[in-house]
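Residue 612 in the working numbering is what sits at position 604 of the sequence shown, and the numbering runs on without skipping anything.
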Amino acid sequence: MANDRVTELTLLNWVNTFPLVTKVGSIGDLSDGTVFSKMLGEFKKELIINPVNIWLILSATEDINSDYAVQCLEQNTGPSKWISNKKKLEAVYKSLLRYIGEKCPNLDSVAFESRVDLNAIAGQDDPQETIKLLTIFLMAAVEGPKNRDYINLITTKLSTPAQEEIKKVILHAKSLGPQATKQSGRSTSLKTDPVLALEEKHAALYAEYDNLKKKHADFMTRFERLTISHDDLIQHSNDTDSQLKSLQESKDGDHAIFIKKQMERIQELEEIIASQEQELEADRILKEKQTRELTSLRPLTTCLTQYQDELKELKEENLNLTKKANKVEHYLKKLENHTSLQRENAELREKIDLLEENQKDYDKVFEENSRYRKTATEYSSRFQEQELHIVEISSQKNALKQEVQLLNYKILELNERQQHDEKFINDLQEQLRISSGQLCSDSLTMGKRGMSLEEELEQVEDIPNLASENSRLKAEIKSIQNNTTNSEVAQLNIELAESERARKQLEERYKELFEKHMTEQQQSNALLKISPAEKLVKKTNDLLNKSVANTRKLYLETSQELTATKAKLTQLQSESSARDREAVEKNQAVAALLSNGILTLNDKTSVINDHIKFLEEHALHNQHYENTNETMLRNLTRENILLTTAWYDLTNRIQSNHVVLQRRQDVPKSLLNKQRHIVNPVGRR
Numbered sequence: 009m010a011n012d013r014v015t016e017l018t019l020l021n022w023v024n025t026f027p028l029v030t031k032v033g034s035i036g037d038l039s040d041g042t043v044f045s046k047m048l049g050e051f052k053k054e055l056i057i058n059p060v061n062i063w064l065i066l067s068a069t070e071d072i073n074s075d076y077a078v079q080c081l082e083q084n085t086g087p088s089k090w091i092s093n094k095k096k097l098e099a100v101y102k103s104l105l106r107y108i109g110e111k112c113p114n115l116d117s118v119a120f121e122s123r124v125d126l127n128a129i130a131g132q133d134d135p136q137e138t139i140k141l142l143t144i145f146l147m148a149a150v151e152g153p154k155n156r157d158y159i160n161l162i163t164t165k166l167s168t169p170a171q172e173e174i175k176k177v178i179l180h181a182k183s184l185g186p187q188a189t190k191q192s193g194r195s196t197s198l199k200t201d202p203v204l205a206l207e208e209k210h211a212a213l214y215a216e217y218d219n220l221k222k223k224h225a226d227f228m229t230r231f232e233r234l235t236i237s238h239d240d241l242i243q244h245s246n247d248t249d250s251q252l253k254s255l256q257e258s259k260d261g262d263h264a265i266f267i268k269k270q271m272e273r274i275q276e277l278e279e280i281i282a283s284q285e286q287e288l289e290a291d292r293i294l295k296e297k298q299t300r301e302l303t304s305l306r307p308l309t310t311c312l313t314q315y316q317d318e319l320k321e322l323k324e325e326n327l328n329l330t331k332k333a334n335k336v337e338h339y340l341k342k343l344e345n346h347t348s349l350q351r352e353n354a355e356l357r358e359k360i361d362l363l364e365e366n367q368k369d370y371d372k373v374f375e376e377n378s379r380y381r382k383t384a385t386e387y388s389s390r391f392q393e394q395e396l397h398i399v400e401i402s403s404q405k406n407a408l409k410q411e412v413q414l415l416n417y418k419i420l421e422l423n424e425r426q427q428h429d430e431k432f433i434n435d436l437q438e439q440l441r442i443s444s445g446q447l448c449s450d451s452l453t454m455g456k457r458g459m460s461l462e463e464e465l466e467q468v469e470d471i472p473n474l475a476s477e478n479s480r481l482k483a484e485i486k487s488i489q490n491n492t493t494n495s496e497v498a499q500l501n502i503e504l505a506e507s508e509r510a511r512k513q514l515e516e517r518y519k520e521l522f523e524k525h526m527t528e529q530q531q532s533n534a535l536l537k538i539s540p541a542e543k544l545v546k547k548t549n550d551l552l553n554k555s556v557a558n559t560r561k562l563y564l565e566t567s568q569e570l571t572a573t574k575a576k577l578t579q580l581q582s583e584s585s586a587r588d589r590e591a592v593e594k595n596q597a598v599a600a601l602l603s604n605g606i607l608t609l610n611d612k613t614s615v616i617n618d619h620i621k622f623l624e625e626h627a628l629h630n631q632h633y634e635n636t637n638e639t640m641l642r643n644l645t646r647e648n649i650l651l652t653t654a655w656y657d658l659t660n661r662i663q664s665n666h667v668v669l670q671r672r673q674d675v676p677k678s679l680l681n682k683q684r685h686i687v688n689p690v691g692r693r
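The following block contains the structure:
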């Protein structure tokens, strides 16, 4: 706000340097346009009395240029003061623009960039718009043909601060010039790249040319419309003038109200006509300016066409160079791909050799694992058979226990019978002793006893033959004692000793079988405990199978890649036959790359060797477990063989003992029949 006030006071001081009737004290004194008209020249006042308007004719004596001085200004006769002020200002502004267009062509941009709102000056005394108008007057005075006189007035009649402020106003107004100067300044800064500078200049000129064409077309259309409306308004004003004359000449009553309305309407129409005339003047000035610009742009268009041709040639050269550069890059890439493919081919061949060797090792390991699996399945089947055999042996052992108990029971019965037979023999011996001395008494006693002896002798002999019968009986008793007692007792003792020996052997065998059964159970538990190791073996076998499958997949993939690389190699060899010379120059780089590839291959081979060692250790571990399993199976088979032989021995002995016992059961139960069966050979069949 302070800067606007300083510029306002400075410009008012500058206005007061003109030969005015009264000095200007504020911006409001400039709103009626008289001061601006006096600045253009000193006026001679001539009045033209008209029933519609009162015109003030002013003739210029000394001004900026008397040819452009305003010659008539409208007096304020209506109620609206600002309309008359606006008309005065429009007339002054038109003459100022015409003066600038003809005498100061370099100020056209300033006049058109800083458009002045005359309505704001006439109606509201706007200081901003008044400053704009004063600035245009200042630039017209400084840049006009009599600029030296006005510069001398500024330097002599104004103080130094006012001169500095006017300088600032002039510089600010010049900065509002066209942007073409700025673009030209920018183009000069881009001298390093002439092609880009030409393109930028061409684009700026072409854009400015388009804008000017559009503005020219707009102004022409507006001008045509304004001319049509102007003609219509003139015709309408003529019609109204004729109507007024007819109404004035008529004698029918008082038409003052109608005349007043018509006057107001005529004033409005005149305002419209004045505004349109102002626009027409501005359009005319703009047209002239555009014609001048077109004349100035025509040589530029010729230069532009030349530059366009040069630009096309440069673009074609650039395209050719880019194509060549692309070809060079393409050939370089092909060469690099060729060398990389050769290197990869060598690496793949080495990998294939390594993989073939690994495949052979893996096949061997796989065969060994298959054999181990077969042996493990056989061992598992044998283990099942051995378990079944152990169950059978345990059942047979229980049966043998029962048979041993029966034999012990029978041995007890035989001992009881032997004791009974011994008692019976002792009784018979006592009876024979008694019967030798007392036959009669014996006969009586025998009769009293119910004749048991005669009944047993089938009552064959009579009582008179008792002596012979006694002798015979004594002989039989002696023979029985000699034969039966000795032979039978010996036989029984032998059988008892054998049965005792068999019982002891059976008990010992039972103990051995029980101990072996316990050891077998312990071994089976140990085998069950070892089963996780078998699971580990299975897991390792699975891992080996997976590794073998992975290696096979890798082998297939590498073989496919090898075929693809071979195809690429043939293709590249056909293409690189013409570029062998360039390949010779780059052998050193290839050698360095090959050394790096050899190092990477060595690292990979070390990793593969470590993997092979790991697999071999697993295979040895599995062999150790299988060897231990084989030794355990051999021991178990040996023990089973021993158990079967012992079982067969026991069955044979038991069968022999059973036969002996059956034969002993065939012996008659009564003592006499048994004795007869032994004495009489007839009884033995």
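Glycine included, every Cβ here is placed at the ideal spot set by N, Cα and C.
All of these numbers come straight from a predicted model, not from anything done at the bench.
Under 8 Å Cβ to Cβ from Leu234, same chain only, skipping five residues before and after it: list those, please.
The residues are Gln284, Glu287, Leu288, Asp291.
Work out the CA separation of Thr310 and Ser122 for me, nearest whole Å.
Cα to Cα, Ser122 sits roughly 33 Å from Thr310.
Rounded to a whole number of angstroms, what is the C-alpha to C-alpha distance between Asn345 and Glu337?
Rounded to whole angstroms, Asn345 to Glu337 spans 12 Å at the Cα level.
Counting along the chain, where does the alpha helix (DSSP H) carrying Ile35 start and finish?
Per DSSP, Ile35 belongs to no alpha helix (DSSP H) and is neither H nor E.
I need the boundaries of the alpha helix (DSSP H) containing Leu28, first residue and last residue.
Neither: Leu28 is in no alpha helix (DSSP H) and is coded neither H nor E.
Please classify Tyr214: is it buried, with 16 or more other beta-carbons within 10 angstroms of its beta-carbon, or exposed?
When all chains shown are included, Tyr214 counts as exposed.
Determine the DSSP secondary structure at Ser167, reduced to helix, strand or coil.
Here Ser167 sits in coil by DSSP.
Taking 8 Å as the cut-off, does the segment 638-655 touch the segment 394-409 (at least 3 CB pairs, one atom from each stretch)?
Under the 8 Å Cβ criterion, the segment 394-409 counts as touching the segment 638-655, having at least three qualifying pairs.
Can you tell me where the alpha helix (DSSP H) holding Ser92 begins and where it ends?
Start and end: 89-111.
If you run the structure through DSSP and keep just helix, strand and coil, what is Val14?
DSSP places Val14 within a helical segment (H, G or I) once states are collapsed to three.
Using beta-carbon positions only, say whether Val29 and Met47 come within less than 8 Å of one another.
Cβ distance not < 8 Å, so Val29 and Met47 don't count as in contact.
Mind checking whether Ala130 and Asn93 have CB atoms under 8 Å apart?
Closer than 8 Å, so yes.
If you count every other CB in all the chains shown that lies within 10 Å of the CB of Glu466, and 16 or more means buried, which is it?
At Glu466 the pLDDT is 48, less than 50, meaning the model places this residue with poor confidence; the figure from the coordinates comes in the next sentence. Sixteen is the threshold: since fewer than 16 other Cβ atoms of the shown chains lie within 10 Å of the Cβ of Glu466, the residue is exposed.
When the Cα of Asp125 is compared with those of Lys512, Leu38, Lys175, Leu141, which residue comes out closest?
In this structure, Leu141 is the residue among Lys512, Leu38, Lys175, Leu141 with its C-alpha nearest to the C-alpha of Asp125.
Straight-line CA distance for Arg194 to Ile280?
Note that Arg194 has pLDDT 46, beneath the 50 cutoff, so the model's placement of it is unreliable and the number below is only indicative. Near 45 Å, if we compare the C-alpha coordinates of Ile280 and Arg194.
DSSP on Arg273, reduced to helix/strand/coil?
Of the three classes helix, strand and coil, the one that applies to Arg273 here is helix, per DSSP.
Return helix, strand or coil for Gly41, following the three-state DSSP convention.
If DSSP states are grouped into helix, strand and coil, Gly41 belongs with coil.
So what does DSSP say about Arg123, is it helix, strand or coil?
Here Arg123 carries a coil assignment [DSSP, helix/strand/coil].
So Lys96 and Thr138 are supposed to be a Cβ contact under 8 Å. How far apart are they, rounded?
Contact between Lys96 and Thr138 fails: their C-beta atoms lie close to 14 Å from each other, not under 8 Å.
CB Leu104 to CB Ile162, shorter than 8 Å?
Not a contact, by the Cβ cut-off of 8 Å.
Using DSSP with H/G/I as helix, E/B as strand and the rest coil, what is Asp657?
Per DSSP, reduced to three states, the secondary structure at Asp657 is helical.
Determine, using beta carbons only, whether His210 and Leu312 come nearer to each other than 8 Å.
Yes, Cβ-Cβ distance for His210 and Leu312 is below 8 Å.
Let me confirm a value: Lys89 is counted as buried when at least 16 other C-beta atoms fall within 10 Å, else exposed. Which label applies?
Lys89 should be labelled exposed.
Cys112 versus Leu415, Asn155, Arg646, Ala128, residue with shortest Cα-Cα distance:
Check the Cα spacing between Cys112 and each of Leu415, Asn155, Arg646, Ala128: the tightest is with Asn155.
Could you check what DSSP says for Asp218 in three-state terms: helix, strand or coil?
In the structure shown, Asp218 adopts helical secondary structure according to DSSP, grouped into three states.
So what does DSSP say about Pro135, is it helix, strand or coil?
Reduced to three states, the DSSP call for Pro135 is helix.
Phe26, buried or exposed, once every other Cβ within 10 Å from all chains shown has been counted against 16
It is buried - the Cβ of Phe26 has at least 16 other Cβ atoms within 10 Å.
My assumption, with CB atoms under 8 Å, is that Pro135 sits in contact with Asp12. Please give the rounded CB distance.
Yes, they are in contact, since the Cβ atoms of Pro135 and Asp12 sit about 7 Å apart, within 8 Å.
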